[in-house]
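Written below as structure tokens is the structure these notes are about.
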DNA sequence: TGGTTACTTAACCTAATGGTTAGGTACGGG
DNA sequence: CCCGTACCTAACCATTAGGTTAAGTAACCA
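Residue numbers (my numbering), protein chains in the order written: chain Z, 77 to 193; chain G, 77 to 193.
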């Protein structure tokens with residue numbers, strides 16, 4: 077059921093891939109250009125199999141693509157899932173766009189003056 | 077560690093809240109106006125405690141707010157996390173924006189000339 | 001050819017997720 | 001005041017997620 081829905085729910089795959097901070101850091105790194113697994117693993121205090129697993133999750137979501145060059149398997153970022161995510165978000169623009177809820181925006185203005193949060 | 081990072085990682089909370097299709101459906105429903113728990117539960121083939129749990133996840137992410145009116149606890153959608161998500165996405169616009177693709181390819185060309193290791 | 005580097009796979013562990021049922025609490029109506 | 005409706009909490013269960021170590025494959029290098 078989860079298995080099934082996940083397999084047929086690309087948006088869900090994307091969201092859950094990006095839910096992990098390690099994976100978002102990998103995405104951030106790959107946004108600056110392709111990188112090998114070792115390079116991607118270097119900043120993290122975790123084993124390389126763990127990084128491999130994270131990469132597999134990103135690949136399953138279509139966010140990352142694996143290349144092969146000699147003994148290296150360079151990864152690069154793929155734009156499509158991010159584009160899809162943006163499309164989904166866009167359908168809620170009326171909610172997070174300040175113009176929509178002027179009262180909400182106004183309250184927030186006030187609040188932002190000294191919100192400790 | 078997961079506990080800790082999640083507590084201090086609002087973006088991660090948002091992504092994982094939205095990873096579940098039931099929760100995205102709830103968000104879609106709430107985008108049309110506030111609704112009670114029973115109203116939200118109605119379309120789903122699952123117990124109401126299950127729906128309550130989903131709502132708690134959405135609330136923890138700040139996506140949903142709980143009101144109280146007599147015996148009802150109407151939920152409404154909050155825009156902030158969606159706005160934050162949009163901000164995060166925006167920082168990757170260069171990747172999913174089609175116009176940028178050719179430049180991206182060009183940068184990759186250059187980079188491959190002297191990639192160490 | 002044998003060692004080293006790069007990476008993956010397998011087996012395992014713990015904790016979180018997503019569901020259940022059963023048993024609360026709180027409110028409004030007859 | 002009691003009953004039904006609305007909702008939440010607790011306890012439990014199965015599966016998934018995220019990490020580990022150990023062992024495997026593959027390519028380069030001396």
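For glycine and all other residues, C-beta sits at the position ideal for the given N, C-alpha and C.
When the Cα atoms are used, what is the spatial distance from residue i to residue j?
i, j, result
"residue 102 of chain G", "residue 148 of chain Z", "44 Å"
"residue 112 of chain Z", "residue 125 of chain Z", "14 Å"
"residue 172 of chain Z", "residue 158 of chain G", "6 Å"
"residue 87 of chain Z", "residue 160 of chain Z", "7 Å"
"residue 96 of chain Z", "residue 122 of chain Z", "14 Å"
"residue 127 of chain G", "residue 143 of chain Z", "42 Å"
"residue 169 of chain Z", "residue 139 of chain G", "14 Å"
"residue 132 of chain G", "residue 155 of chain G", "17 Å"
"residue 146 of chain Z", "residue 116 of chain Z", "18 Å"
"residue 141 of chain Z", "residue 114 of chain Z", "16 Å"
"residue 81 of chain Z", "residue 120 of chain Z", "31 Å"
Within this structure, are the beta carbons of residue i and residue j separated by less than 8 Å?
i, j, result
"residue 130 of chain Z", "residue 105 of chain Z", "no"
"residue 165 of chain Z", "residue 167 of chain G", "no"
"residue 110 of chain Z", "residue 150 of chain Z", "yes"
"residue 107 of chain G", "residue 153 of chain G", "yes"
"residue 137 of chain G", "residue 84 of chain G", "no"
Mind pulling the chain Z residues with CB within less than 8 Å of residue i?
i, result
"residue 165 of chain G", "158, 161, 162, 165"
I need the DSSP call for residue i, collapsed to helix, strand or coil.
i, result
"residue 154 of chain G", "coil"
"residue 137 of chain G", "coil"
"residue 84 of chain G", "coil"
"residue 162 of chain G", "helix"
"residue 195 of chain G", "In the structure displayed, chain G extends from 77 to 193; residue 195 of chain G sits before or after that span and is not available."
"residue 175 of chain Z", "Residue confidence is low: residue 175 of chain Z scores 47 on pLDDT, short of 50, so the model does not pin down where it sits. No coordinate-derived value is stated."
"residue 167 of chain Z", "coil"
"residue 95 of chain G", "coil"
Listing by chain order, which chain G residues have their CB less than 9 Å from the CB of residue i?
i, result
"residue 107 of chain Z", "167, 168, 170, 171"
Per DSSP, what are the beta-bridge partners of residue i in this structure?
i, result
"residue 142 of chain Z", "Z:151"
"residue 111 of chain G", "G:151"
Kindly list, in the order they appear in chain G, the residues whose Cβ is closer than 8 Å to that of residue i.
i, result
"residue 124 of chain Z", "Those within 8 Å of residue 124 of chain Z in chain G number zero; the least Cβ separation is about 15 Å."
Using a C-beta to C-beta distance shorter than 7 Å, which residues of chain Z count as neighbours of residue i?
i, result
"residue 94 of chain G", "91"
Closer than 7 Å by beta-carbon distance: list the chain G residues that pair up with residue i, in chain order.
i, result
"residue 153 of chain Z", "171"
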